[in-house]
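Numbering (the numbering used here), first residue to last: 1 to 128.
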Amino acid sequence: MHAVIPYVVAALLFALGVYGVLRRRNAILVLMAVELMLNAVNLILVAADSTIKAALTDVQPEAWAYAVPEPRAGAIFALFVIVLAAAEVGVGLAIVLQYYRLRRAVVLDEVALHEHDHEQDQNAQVTS
């Protein structure tokens with residue numbers, strides 16, 4: 001397999017995730033788009049690790065900064081990204097579910113970012 005293919009796939013995945021974040025109004029779909037972007041980063045980390053390891057096969061280990069290089073450092077960083085993604089999903093879904101319990105909607109356009117905005121929305125609904 002050519003070394004450019006994983007990078008192109010990762011770029012397409014990341015672009016699709018950015019499109020999902022910018023165009024979606026549902027909070028759950030936005031979280032899914034963020035996960036897609038994090039998976040693209042994981043693909044880049046693992047592909048870069050294998051590409052660099054393949055390029056450095058002829059270099060003597062004594063020429064490196066450390067005598068014994070860390071094997072599969074890209075996979076280790078990808079594991080950290082997976083852990084952070086799991087935490088992000090847990091916290092994000094908890095926030096979305098709590099908001100759904102309070103407002104019965106998860107449309108991001110209707111989210112009041114300040115409490116003052118929410119009070120004005122309630123006053124406008126009462127008067128009309």
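We treat Cβ as the ideally placed atom computed from N, Cα and C, and that holds for glycine.
Tell me which residues share the same chain as Asn42 and place their Cβ nearer than 8 Å to its Cβ, disregarding the 5 neighbours each side in the sequence.
Ala78, Val81 and Ile82
Between the segment 15-22 and the segment 99-107, do three or more beta carbon pairs fall short of 8 Å?
no
Relative to the C-alpha of Met32, which candidate in Gln98, Leu93, Ser50 and Pro6 has its C-alpha closest?
Leu93
Reducing DSSP to helix, strand and coil, say where Val107 ends up.
strand
Relative to the C-alpha of Asn26, which residue among Glu115, Leu113 and Asp109 is closest?
Asp109
For Ala10, tell me which candidate among Val30, Val46, Ala55 and Ala75 has the shortest Cα-Cα distance.
Val46
Please determine, among Val30, Ala3, Glu35 and Pro6, the residue with the shortest C-alpha to C-alpha distance to Ala87.
Considering only Val30, Ala3, Glu35 and Pro6, the residue with the shortest C-alpha distance to Ala87 is Glu35.
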